[in-house]
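Inspection log for the structure reproduced underneath, given as structure tokens.
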Amino acid sequence: MSALLSFRRDLRLSDHPAPPSAYDAAENQEVLACSVLDPRPGGVVGPPHFRKWHEIGRRAPARSGADSARWLDPAQVALAHWAAFVDDGLDRYAEDRDRPDLEGTSRMSAHLKFGTIHPRTMVAGLNLRRTGAQTYLRELAFRDFYAAVLHCWPASAWHNWNSEFDNIQIETGAQAKRRFKSWKADETGFGLVGAGMRQLRETGFMHNRVRMIVSSFLVKDLHLPWQWGAEWFLDQLVDGRLHPALGPRAGRRRRRASAQK
């Protein structure tokens, strides 16, 4: 069993008791290191604290270093994950990706988001004469296209690309906020919508087609701002990332905003 070691302020390996402890917790398997941004200020040491600190004394430096654990390489994990999908899944991708009841997608979106693999690496070994590979390549191209649009027009992240869509009537009052709360909590009474929201809450993931359904339901049926749903998706999805709002419905937009491959 692997272990997760998060670094907050102590970005070092020497004199750090956590790496050996993480290695023991992992039962001598790999340890994945990550950095956590903590905006809270550190504590202040005043005279009373200093006196107590001096009385108690200090432990000897911890015996730790780069060899304190067998570190998990995210890039190698991403490559292995991709190779497994290419070997068993890519040929069925064009059809299976539309089936929420199947494991038909590659689940590489989180690796792409965090940069543990590059799209060039993924494309390099594809047999583009096959339908599955062609379909996957097209999705990667769309991903880069929307990223380029967002880079050139950052305002498109939270505003409709076509200003005519601003005239669509939405609700933002107290009742709308209650409906939004129900949408997040899987209390809409619609089975597939609820299943998708439960999967999101419990795993940080949702099938791409279900993302389209629940976001379209938010806008078309509940008449709520797509921005509310976008914020919730970005907060919950492991692979969530900003993309421009090029369409009138959240389903189309969120498909590209956080689409898994």
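Per the numbering used here, residue 1 is the first one in the sequence shown, and the count goes up by one each step. Quick reminder that beta carbons are idealized off the backbone N, C-alpha and C, glycines included. Because the structure is a prediction, the values reported are computed rather than measured.
Rounded to whole angstroms, the separation of the alpha carbons of T131 and R138 is 11 angstroms. In this structure V31 is in contact with L72, their Cβ atoms being roughly 6 angstroms apart against a cut-off of 8 angstroms. When rounded, the separation of the alpha-carbon atoms in P154 and V86 is 34 angstroms. In the three-state reduction of the DSSP assignment, N127 falls in the coil class, being assigned neither a helical nor a strand state.
If you draw a straight line from the Cα of M197 to the Cα of P19, it comes to about 36 angstroms. By the Cβ rule, the segment 116-125 counts as touching the segment 67-82, because three or more pairs are nearer than 8 angstroms. Taking C-beta atoms under 8 angstroms as the contact rule, T172 and P100 fail to qualify, at a distance of about 30 angstroms. Every alpha helix (DSSP H) of 4 residues or more that sits fully in the segment 43-93 is shown, in chain order, as 47-56, 74-87. The way I'd put it, the segment 225-245 does touch the segment 143-161; three or more beta-carbon pairs between them come closer than 8 angstroms.
Here DSSP, grouped into helix, strand and coil, assigns N162 to coil. For secondary structure counted as the alpha helix (DSSP H) over 4 or more consecutive residues, the segment 153-208 holds these complete runs in sequence order: 174-184, 191-203. Straight-line spacing of the CA atoms in A69 and S6 works out to 14 angstroms. In the DSSP assignment, L32 falls within the unbroken beta strand (DSSP E) covering 30-35.
Its Cα nearest to that of D98, the residue H207 stands out among D67, R107, E202, H207. In the three-state scheme derived from DSSP, where H, G and I count as helix and E and B as strand, L4 is classed as strand. Here P61 is exposed, its C-beta having fewer than 16 other C-beta atoms within 10 Å. The C-beta separation of W183 from L222 comes to about 6 angstroms, placing the pair in contact by the 8 angstroms criterion.
An exposed status is given to R63, since fewer than 16 other beta-carbon atoms sit within 10 Å of its beta-carbon. Bounds of any alpha helix (DSSP H) do not take in K220, whose DSSP letter is neither H nor E.
Beta-carbon to beta-carbon, L140 and V123 are separated by about 7 angstroms, close enough to satisfy the 8 angstroms threshold. Under the three-state reduction of DSSP, H151 is assigned to helix.
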